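If you want it as structure tokens, here you go:
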């Protein structure tokens, strides 16, 4: 019993340390904490990886990167964090290849990498588009799993 509780708890603790380290601009420590968390190989692995992507989203949403050299992150460091988050999302995709969410996360990270650094990056933009199209394809296939389910237009026509 204790191992079943202890491992996810330790994983969550290392995951939280990674997020704090990323926020402080200590990317090497953050990556080490992420790897330590993932080494527990528990059901929380996907959440640890997701937290890396969400850090990027939160940091950029809060205006944390504008290219100002006095900020915590310079463009190369920010690109490194985005690349790390993309790699982590790829791991989630490998674990759950039919989960639309991970394609969307990875696509958004590529979209940010394509636009946030001033000069548009076509390679990242193309990858973002591919991932969003894959997400659309996967989400459309979900309806096929439930053929008896009515569409919203069918419901509104009846009501």
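Residue numbers (the working numbering): 49 to 207.
We treat Cβ as the ideally placed atom computed from N, Cα and C, and that holds for glycine.
It should be emphasised that the depicted structure is a prediction, and the values quoted were computed from it without experimental measurement.
Does DSSP put residue i in a helix, in a strand, or in coil?
i	result
residue 103	helix
residue 146	coil
residue 93	helix
residue 140	helix
residue 121	coil
residue 165	coil
Near residue i, which residues of its chain fall below 6 Å by C-beta distance, leaving aside the five closest residues on each side in sequence?
i	result
residue 153	101, 137
residue 63	85, 96, 99
residue 78	66, 69, 70
Can you say whether residue i is buried or exposed, counting buried as having 16 or more other CB atoms within 10 angstroms of its CB?
i	result
residue 166	exposed
residue 188	exposed
residue 66	buried
residue 133	buried
Once the 5 residues before and after residue i are set aside, which same chain residues still bring their CB inside 8 Å of it?
i	result
residue 144	94, 150
residue 194	At residue 194 the pLDDT is 48, less than 50, meaning the model places this residue with poor confidence and gives no usable figure here.
If contacts are defined as beta-carbon pairs under 8 Å, then residue i and residue j qualify, I think. What distance do you get, rounded to the angstrom?
i	j	result
residue 58	residue 88	6 Å
residue 161	residue 139	The Cβ separation is near 18 Å, so there is no contact.
residue 91	residue 56	7 Å
What residue range does the alpha helix (DSSP H) around residue i cover?
i	result
residue 81	75 to 87
Leaving out five residues before and five after residue i in sequence, what residues of the same chain have Cβ atoms less than 7 Å from its Cβ?
i	result
residue 176	155, 158, 159, 162
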